[in-house]
Every structure is written in structure tokens, then in C-alpha cells.
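*Asks:* First to last, the protein sequences are chains A and B.
Counting from 1, position 19 in the first sequence corresponds to residue 12 in this note's numbering; the numbering is continuous, with no gaps.
Heads up: take any position in the second sequence, counting from 1, add 1, and you land on this note's numbering.
Glycine included, every Cβ here is placed at the ideal spot set by N, Cα and C.
One structure, pasted below without further comment.
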Amino acid sequence: MKDAPHRNAFIALLLSLALGTWGCPGDPQQAPEGPPLKLSLAVRAVPDSALIAIAQERDFFKKAGLAVSIVIYPSGRQALEAVCRDEAQVATVADIAVAAKLLESPSIRVVASISTTVSSQIVARKDRRIGTPMDLKGKRVGFSANTTSDYFLYTFLMTENIPPGEIRAVDIPPGWQAEAVVRGEVDAVSAFGDYAFAAKQRLGSNAIAWDCQNNLAYHWLLAARQEFTRSPEVLGRLLRALLAAEAFARANDARARQILVRLWGLDPAFLEEVWPKTRAAVTLGQSVVTSLGNFLHWQIRKSGNPREVPDVLDYLHTGAMDTVAPQLVTLYR
Amino acid sequence: MQMRTRLRISVTASLMLSLVVVGIVFAVLQGMHREAQRNRTYTEIRSRINALNVTTAHFQSRPDASAIHQIHNLQASLAALMPTMTFFDAGEAYLVGQIRANTRDLGYAIERLIANVVEPPAASRMQHERSAVLVSQLWMKTQFIADDIQRLAEISQTRVTRAQGVAVILTLAAVVALLFINTAISYATGRSLIRMQAGLRASEERLRLFIEHAPAALAMFDRQMRYLSVSRRWMSDYNLGHRDLIGQSHYTVFPEIPEAWKQAHQRALAGEVVRAEADRFQRADDSVQWLRWEVRPWRDQKNEIGGIMMFTEDITAPKLADEALHASEEHLRASLEEKEVLLKEIHHRVKNNMQVISSLVALQADESPDGALSAVLREVTHRVRSMAMVHEKLYQSGDLARVDFADYTQGLLNYLWRAHGDAAAGIRLTLALTPVMLVVNAAVPCGLILNELVSNALKHAFNGHTAGHVSVSLGRVADGRVRLTVRDDGAGLPPDFDWQKARTLGLRLVQMLAGQLHAAVEVRSDGGTEFTLTFPGATHDIPKHHPDR
């Protein structure tokens, strides 16, 4: 018997099976054919948007077939407003800001959550005789309306048994949060994590700060106008690039932080404080719906103009996530 | 590679692959069991979260001790599930960590909520609003947990699906490999079997052809004495024409087979080799065949006796020829005996006739008044007598062609001594004879020469003396020739006597007969006379006497 042909055929069969088994899934990093699709992002340069920075730095956008232009905004709300003004196609923005904007502009659609973070703080000046949360009564407390600083100031006051009416709330632009408290225009400020960190840095020993999120993370969302969601290919490529960035960040924690420092000039000390409380992950879970629902309730109640709370699911664009990573969509539909 | 080796490889490979398949299935089942355990935990966590959400919703409107107890129990049971959560990789570990952290935070939120209800702030509106905030935060936390649980469940399901897929692919690959190996081995084995069968068929065909064309009558039988193969010679030897014997019983084909042969067949089937050199076979049509045969067992692959081989040789023709030859020999012997008797009778009658002639001549000599004539007649008598004695010796001996010349010499000399009476009474005869067989055509002239020489000695050597000595010797010399010497111690030959020129009849006869014998004659006369003849002693050495010479 000639054994060799039979043995070779058997090996060839096994190899073909093995290749068939392992070769079937496509390579997510392989660039799609054709010219890259243009995409403009309105981004707030904070750890919440880490996946954007990593995707840009590691060329995941390029590999996904995107030519991305990024504009940095001082708050998610402003980034979302830029989208509404068609200055950008996709914004990174907190769920609270999205809920606030939805009541004004129903064409906003949430595509996915790209992180959750617990970083907001109340920063107060000691020289204004503020030593405890109760000392905020009667003080001027800065906040940025329709942002996380607005909501978390409210919940902070609630949990601290401080009636909101007993403080003097001052609406300030998000980018002025640190400056306002440092200059003493307000006695305290409900600030985003980076501004709170900057304020504390600048106030030094004169600063006193409290976490105001009560360990309740907010979602950092990708939001776009409804018209844009009709271009599923761009959103699909964006999500693929961000998923690649997520995998990179999970496997390279230190390098991910370095990218944020290098690309956006974030303070390493700030990152040291906030990064562990930031979960950079692409999801579209029921908690997004719950959060948006809660914030819509709160916004409507705060406005003093009772109206029916819209169905959050109507404002979610699930198509892109369903296509790219259906396992990450954990909605009750 | 031998078929047995291939089968061993096939069985070994099949067993190994089967073990691989079993291992894969076992690993998959174990993995699925682990995933099922995880999913049970996820389900329990989800159910507790849902129960917590419902309970906290009612708690705002009915904040009693029972509700608090229920919330505490749910929180405790939820916390108790946390250590039981396991993870497969770093991603899952992260999610599990998030769930554990959120569960801890959930506990704080619950305590705040309960405290807000049990120890309300001063303003009741504040209490209600605060509860709403705490509850909404609690629900958001539970939803974070639920989301992560859902993620874990999805991951688990993905892993199960992937494992099932891989298991199916690997199992299929193993099954295909098994099928391939077994097919390959079966194919190879089948080919071997086909080759073996073809070889067997070819071997059987060769055996069949060998038997069929064997220049001998041979047949192969199974244990039931059915024909398996038969040679053409067998068919022709037994006048079977073109009958198809294969499968037929030998005893049906030849019902006349004697019982003794059947017993021989059974002995061969028992392992014995049985043979006969010449056996009479009385055929059913009353014809007779003489056979030389041998039956011996043949063995199959298991070395068991599968039947017998039968070799037969029809020896009828040689047997009959032998019998005819025997009869012919008998006839020839009888004829020879008859001729011998006849020849003896001829010799006897020749001798008798010569003896009658001799006697008549002797009577004539006795009746003749003339002494010289009487002497001549007596010499004739002696000469005839010497010839008659040859014939006498011939018919008396067993050999009718040759004569023991020593015996003859003795008889002739006795006769001559008696015939010469007083003349020979004082003459002493000395014989030195060794047996020499001479054919008739040598014996007759040699006997005549001896007669002449002895007669001459008795008549002339002693010149009337009454004493003397004659010696006769006979034998063979080194070269095989016969030497006859007659010597007397008489007066000897005259000094100037040339016996070859002698005028006497006797010596002329000697000379003539010696010529017939191609004999060398040597004559010596020294204290007597000595004649020595040396001549070829064998039959072929002596040319036949031609009557004309």
C-alpha cells in the first residue's frame, strides 16, 4: 500500500477543517474597500471620550475606513448643540445633557454609550466658610444648566438634606466652572470631573470637594441627528473603531492613559484619580434607557411644565449596534 | 503493509479519535455545565434586582418594617450571590468587579433610602423628593447591575455557542477523520482482499490449469469426494468425454469403484497417503483397466484436510505388453530349449555317425591284410574319432557352442593310449591342463592337431622302445592366447628335418590346421620333440573355416 498519499490527504483534510474553523470570522481590523468615509465628531476631551482618542491615535478610525475630523468642545451639551447645528455629525455627550436636549430637539438619537464615569464633584472655597455640605446653604453655587453638573448638584443637595431653594444657584458656562470658583464669582461649583480637578488644583488648600454622584455613574453617549443615523455604514465603522479601541484600552491600560495625556493634554494626576472610576466600553444597555428616563422626568419636573414623558426607546438608534455588536445591546425591547 | 497492520492502525486511530471526540464532548459538556451554573447565578441576581425594584417602589408609599425587612433580605441575598460569581477572562472579571461595586453602592443607596423614610428630614416635601431621587438612583444602579449581568449572560451564551460550534466542527472533523481513516483502511483492505481474491482466483486457476493440463490423470476432491478439479488426462483415461465433473461425486461417476478403494479414500481423508502399483479396475462395461494410483490428502489454510488428491496412471497397455513379452520369452525359451535339444541331437548324431564311420574304417583296417593300408585306415579312424569326440563333448556339455578343451584333451589322449595298445603301454603321459573353452571351429582343428602330434609321438618318437614320456600342456598365456604343447622325450627329429617341408600327411595336416587356427607353431627337438602352438583362444579370434580352403 502507498501510505503517503492517504496520510497527506488526511493531513490536508484536517488542515482545511482547521482553516475553515479558524479562518471563517472576518478580521475586524481589515480596512473596508473603497475610499474612507468622512465623519466629524464633536468631542469633549475627557476620559469619558477615551475611546475616541485611542481610536484616533491607534488609527482604528482609518482602519475602519473612516476619515475622522474631531472638534473639541468644553462640554457634552455644547458638542451636542454643534451636532444640532450640523457642525458635526456625532457628539460625545452625557445622558443628562441628551435628555435635556431631547425635550427641545426630538431629532437627536442615541447611538451607543461609550463609557460610564463617576467624576463630578462639588468644589467649594473654604474661605467662604464652607466646611460641610450644609454650609452651602445661602451660598452661591455655580452649575451648568442641563448638564451633569446641574443634575448631580440637585441629587447632592437631596441626599445631603439641603433644600435646593436654600442655595443661590448660578448658571455658568461649562468651560467657566473652574474659573468661576477660582475667581470667587461663586462660592462653590458643581463641576465636571476635569474642571473640578482644575479648580481644586488652583484653589489648593482653599478648596473643599465632595463627590456628588453618589457613586451613580452617568453614561457618556454617542449622539447624532436622526438624519445621520440613516447612514448606517459610517456609524457601523465608527462603532467598529471604538470597539477596537476598547479592546486596546482593556489590554493596554497604561498606554491608553498615555494617549489621553499626549493627545488631549490631560493631567496625569487627574487621570490617576478619575480613570479607575471610568469604564470605557461600548454598550447599549437598559441602564441607558433608565437613566434617560429618569433625567427626562427630572427635566420635566424641573421645568415646572408637566408633560408626558417621551418613550426613550424612540430616541435610541439601535441599528448600528445591532449590526456591529448585537451582544452588547441589552435593551428590554 | 500487511492487512493486519492496517487493521491495527485503523482500530488505534479510531480509538484515539473516538477518545478525542469523547474528550471534546466531555470538555464542552463541562464548559456548558459551568456556563449553566453562571447563568443560574445571573438569573438569581436578576430576579433579586427585579424584586428589589418592586419592593423599593412600594416602600415609598408603604414604608413599614416588613418592607424594610424584605429589602434587607433581598439586599443580603444579592450580596451573598456576589462571591459565587465566577469569570472566564479579564473582560468578565471587569464586569464582575463592576457588579460587585454597584451591589455595594446599592447597599448604601438602600440604607439612605430607608433612613430617609425612617428618619425623614424636617420638610415632608423634601422627604418625598429625596426619596424619589434615592429610588431613581437605586433603580439606575440596579439597572447598571442588570446591564452587566445581561452582558455576562450574553458572553456566556456566546461562549456556549462558540464552544458548541467548535465542538461540532471538531467532532465533525474527528468523525470525518474517522470516516476517512476507516474508508482509507477499508479501501486499502478491500484492495488487499481483492488482490488476495484475485491472487487466490489466479492461484486456483493456475492449479486448475495445472491439473487440467497435467500429463497425468489426477483429480482433486473435497471431503465429500466431489470433484473440485480434474485433468484432461483423467477424462481421456476413463473415457469420460467432455462431461462436467466439477461438483459431482466420484462414486456417482464411477459406481463400479470397489469397496477397497473407497476405504483407501477414507484413509486418505484421515491423513494417510495410500498407493498401489498395479490394481485391476473392472469397469462397468466389463472392460478392464490396470491402474497405478496414489491418493493423498490436501490441506486448507487452516491446515485442515480439505479433501484428497488422486493420481492414477493407466498401465493397461504396458501391463498387456509385459504379459505379451513374458509369453514371448516363454515361447523363445521353449524354442531355444527345443533347438538345444535338436543341436545336441545333431551333435549326438554327428558323433554317432563319425563313430560309425570310425568303427567301419577300423573294421576295414582290421580286415585289411595290407598292414600299411591298415595303418592308414587306423589313422583315419583316429582322426574321425578325434572329430567325433568334439561333437560328443559338445552335446554332453551344457554349452553347445564351446568345448572344454582340457576335458577333451584328456578324453582324446585316453582314447589314443587305448587305441595304440602295446605301443603306448610303456609310454607315460603327463598332463598339465587348465580349462580352456574353445569354440567348435577351433576345437575341431585343434583336436586334429593334438591327435596328429600325439599319434606321431607314440608311433615315431620311441622307435619300439617300451618306455617313454609324453607330456601335454594346455593353458592360456599372458596375452590371452591359448597355448598347447605336446612334448615327448623320444628320439627327436632328425637334425636336418624341416617339419614344414615334411611329406607326411600328419605334419601336413598340422601345418594346414595350424594355419586355420592362425597358430604360431614352435618346434623344438632337444632330448625329444616339442610342438608348441599358440593361437587365439576366443571365438571371434578364429576365422571360420572356409570349406573351399
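#1: Does Phe145 (chain B) come within less than 7 Å of chain A when only Cβ atoms are used?
#2: If you compare alpha carbons, which of B:Gly516, B:Pro537, B:Ala492, B:Ile115 is closest to Asp1 (chain B)?
#3: Could you pull the DSSP bridge partners for Tyr228 (chain B) from this structure?
#4: Mind listing which residues of the region 197 to 214 of chain A have their C-beta closer than 8 Å to chain B's C-betas, in chain order?
#5: Taking only runs of the alpha helix (DSSP H) that begin and end inside the region 249 to 287 of chain A, which ones reach a length of at least 4 residues, in chain order?
#6: Taking C-beta to C-beta, are Tyr188 (chain A) and Ala87 (chain A) nearer than 7 Å?
#7: Skipping 5 residues on each side, what residues in its chain have a beta carbon closer than 8 Å to that of Asn199 (chain A)?
#8: For Trp294 (chain B), does the three-state DSSP call read helix, strand or coil?
#9: Is the Cβ-Cβ distance between Ala138 (chain A) and Asp164 (chain A) less than 7 Å?
#10: At which residue ranges does the region 358 to 411 of chain B contain complete beta strand (DSSP E) runs of 3 or more residues, listed in the order of the chain?
#11: Let me see if you follow: with CB-CB separation under 7 Å, is Val12 (chain B) close to chain A or not?
#12: Could you check the C-alpha separation between Arg105 (chain B) and Thr143 (chain B) for me, to the nearest Å?
#13: Ile115 (chain A) lies in the beta strand (DSSP E); which residues open and close that run?
#14: Can you pull the DSSP bridge partners for His438 (chain B)?
#15: Would Asp143 (chain A) and Phe136 (chain A) be called neighbours here (beta carbons separated by less than 7 Å)?
#16: With DSSP as the reference, label Glu153 (chain A) as helix, strand or coil.
#17: Look up Arg63 (chain B) in the DSSP assignment and say whether it is helix, strand or coil.
#18: Which residues in chain B have a C-beta closer than 8 Å to the C-beta of Gln114 (chain A)? List them in chain order.
#19: So what does DSSP say about Tyr43 (chain B), is it helix, strand or coil?
#20: Here's a check: name, in chain order, each residue in its chain whose Cβ is nearer than 6 Å to the Cβ of Val362 (chain B), leaving out the five neighbours to either side.
#21: Return yes when the Cβ of Ala261 (chain B) is within less than 7 Å of the Cβ of Val275 (chain B), no when it is not.
#22: Identify the continuous alpha helix (DSSP H) that holds Gln49 (chain A) and give its terminal residues.
#23: Along the chain, where does the beta strand (DSSP E) that runs through Gly307 (chain B) open and close?
#24: Give the DSSP-derived three-state secondary structure of Arg37 (chain A) in the structure shown.
#25: Buried or exposed for Phe211 (chain B), going by 16 or more other Cβ atoms inside 10 Å?
#26: Could you check whether the Cβ of Gly312 (chain A) sits closer than 7 Å to any Cβ belonging to chain B?
#27: Got a sec: which bits of the region 245 to 277 of chain A sit with their beta carbon under 9 Å from any beta carbon on chain B, in order along the chain?
#28: Bridge partners of Trp299 (chain B), per DSSP?
#29: Exposed or buried, Leu306 (chain A), counting other C-beta atoms within 10 Å across all chains shown (16 or more means buried)?
#30: Got a sec, what are the start and stop residues for the alpha helix (DSSP H) Thr530 (chain B) sits in?
#31: Tell me whether Gly422 (chain B) is buried or exposed, calling it buried when 16 or more other Cβ atoms sit within 10 Å of its Cβ.
#32: For Leu32 (chain A), which beta-bridge partners are listed by DSSP?
#33: How long is the line joining the alpha carbons of Leu114 (chain B) and Ala191 (chain A), rounded to whole angstroms?
#34: Let me know the secondary structure DSSP gives Gly476 (chain B) once reduced to three states.
#35: Taking beta-carbon pairs under 9 Å, can you tell me which members of the region 141 to 167 of chain B lie near chain A?
#36: Just to check my reading of the structure: Ala216 (chain A) and Ile89 (chain A) have Cβ atoms closer than 8 Å, yes? What is that Cβ distance to the nearest angstrom?
*Replies:* Well, looking at it:
#1: Residue numbering aside, residue 145 (chain B) sits at position 144 when the second sequence is read from its first letter. Closer than 7 Å to some Cβ of chain A, the Cβ of Phe145 (chain B) qualifies, so yes.
#2: For chain B, the structure presents residues 2 to 550; residue 1 (chain B) sits outside this window and is missing.
#3: If you number the second sequence from 1, residue 228 (chain B) lands on position 227. Paired residue(s): B:Phe222, B:Ile247.
#4: The region 197 to 214 of chain A vs chain B, Cβ under 8 Å: Asn207, Asn208, Leu209, Ala210.
#5: Considered as a whole, the region 249 to 287 of chain A harbours 261 to 267 as its complete alpha helix (DSSP H) runs of no fewer than 4 residues, in chain order.
#6: For this step, residue 188 (chain A) is matched to residue 195 along the first sequence. For this step, residue 87 (chain A) is matched to residue 94 along the first sequence. In this structure, Ala87 (chain A) does not lie closer than 7 Å to Tyr188 (chain A) by Cβ.
#7: The residue you call residue 199 (chain A) lines up with position 206 of the first sequence. Excluding residues within five positions, the ones whose Cβ falls inside 8 Å are Arg118, Lys119, Asp120.
#8: The sequence position of residue 294 (chain B) within the second sequence is 293, counting from 1. For Trp294 (chain B), the secondary structure class from DSSP, reduced to helix, strand or coil, is strand.
#9: Within the first sequence, residue 138 (chain A) is the residue found at index 145, counting from 1. Within the first sequence, residue 164 (chain A) is the residue found at index 171, counting from 1. Yes, Cβ-Cβ distance for Ala138 (chain A) and Asp164 (chain A) is below 7 Å.
#10: Complete beta strand (DSSP E) runs here, min 3: 403 to 405.
#11: Here residue 12 (chain B) refers to the residue found at position 11 of the second sequence. It does not: the Cβ of Val12 (chain B) has no partner Cβ on chain A nearer than 7 Å.
#12: As a working mapping, residue 105 (chain B) is identified with position 104 in the second sequence. As a working mapping, residue 143 (chain B) is identified with position 142 in the second sequence. In this model, Arg105 (chain B) and Thr143 (chain B) are separated by some 11 Å (Cα to Cα).
#13: What you label residue 115 (chain A) is simply residue 122 of the first sequence in a count that begins at 1. Its beta strand (DSSP E) spans residues 114 to 118.
#14: For the purposes of this step, residue 438 (chain B) is identified with residue 437 of the second sequence, where counting begins at 1. The sequence shown places Met at residue 438 (chain B), not His. For Met438 (chain B), which the question treats as bridged, DSSP gives the partners B:Asp405.
#15: By 1-based counting over the first sequence, the position of residue 143 (chain A) is 150. By 1-based counting over the first sequence, the position of residue 136 (chain A) is 143. Contact flag set, yes.
#16: Locating residue 153 (chain A) in the first sequence gives position 160, where the first residue counts as 1. DSSP places Glu153 (chain A) in coil when its eight states are reduced to three.
#17: Indexing the second sequence from 1 puts residue 63 (chain B) at position 62. The DSSP-derived three-state label of Arg63 (chain B) is coil.
#18: For the purposes of this step, residue 114 (chain A) is taken as the residue at position 121 of the first sequence. Near Gln114 (chain A) there are no residues of chain B at all, since even the closest Cβ is about 17 Å away, more than 8 Å.
#19: Locating residue 43 (chain B) in the second sequence gives position 42, counting from the first residue. Helix.
#20: Start at 1 with the first residue of the second sequence, and residue 362 (chain B) comes out as number 361. For Val362 (chain B), where only same-chain residues beyond five positions count, the Cβ hits under 6 Å are Leu378, Val381, Thr382.
#21: Position 274 of the second sequence holds residue 275 (chain B). Position 260 of the second sequence holds residue 261 (chain B). Between Val275 (chain B) and Ala261 (chain B), the C-beta spacing is not below 7 Å.
#22: Working through the first sequence from its first residue, we reach residue 49 (chain A) at position 56. Segment 43 to 50, the alpha helix (DSSP H) holding Gln49 (chain A).
#23: For this step, residue 307 (chain B) is matched to residue 306 along the second sequence. Start and end: 306 to 315.
#24: Taking the first residue of the first sequence as position 1, residue 37 (chain A) is located at position 44. The answer is coil: DSSP assigns Arg37 (chain A) none of H, G, I, E or B.
#25: Taking the second sequence and counting its residues from 1, the one referred to as residue 211 (chain B) is at position 210. Exposed.
#26: On the first sequence, position 319 is the one that residue 312 (chain A) refers to. At a cut-off of 7 Å between beta-carbon atoms, Gly312 (chain A) makes no contact with chain B.
#27: The region 245 to 277 of chain A vs chain B, Cβ under 9 Å: Arg272, Ala274, Thr276.
#28: Taking the first residue of the second sequence as position 1, residue 299 (chain B) is located at position 298. DSSP, once it has assigned bridges, lists B:Gly308 as partnering Trp299 (chain B).
#29: Taking the first residue of the first sequence as position 1, residue 306 (chain A) is located at position 313. It counts as exposed.
#30: Here the question's residue 530 (chain B) lines up with position 529 in the second sequence. Counting along the chain, Thr530 (chain B) sits inside no alpha helix (DSSP H); it lies in the beta strand (DSSP E) bounded by residues 530 to 536.
#31: Counted from its first residue, the second sequence places residue 422 (chain B) at position 421. By the 10 Å Cβ count, Gly422 (chain B) comes out exposed.
#32: Here residue 32 (chain A) refers to the residue found at position 39 of the first sequence. Looking at the DSSP assignment, Leu32 (chain A) forms a beta bridge with A:Val61.
#33: Position 113 of the second sequence, counted from the first residue, corresponds to residue 114 (chain B). Position 198 of the first sequence, counted from the first residue, corresponds to residue 191 (chain A). CA-CA distance, Leu114 (chain B) to Ala191 (chain A), rounds to 33 Å.
#34: Position 475 of the second sequence, counting from 1, holds the residue named residue 476 (chain B). Assigned with DSSP and collapsed to three states, Gly476 (chain B) falls in strand.
#35: Listed by position, the residues of the region 141 to 167 of chain B near chain A (Cβ gap below 9 Å) are Met141, Lys142, Thr143, Gln144, Phe145, Ile146, Ala147, Asp148, Asp149, Ile150, Gln151, Arg152, Ala154, Glu155, Ile156, Gln158, Thr159, Gly166, Val167.
#36: For the purposes of this step, residue 216 (chain A) is taken as the residue at position 223 of the first sequence. For the purposes of this step, residue 89 (chain A) is taken as the residue at position 96 of the first sequence. Separation of the CB atoms of Ala216 (chain A) and Ile89 (chain A) is rounded to 12 Å, and the pair is thereby denied contact status at 8 Å.
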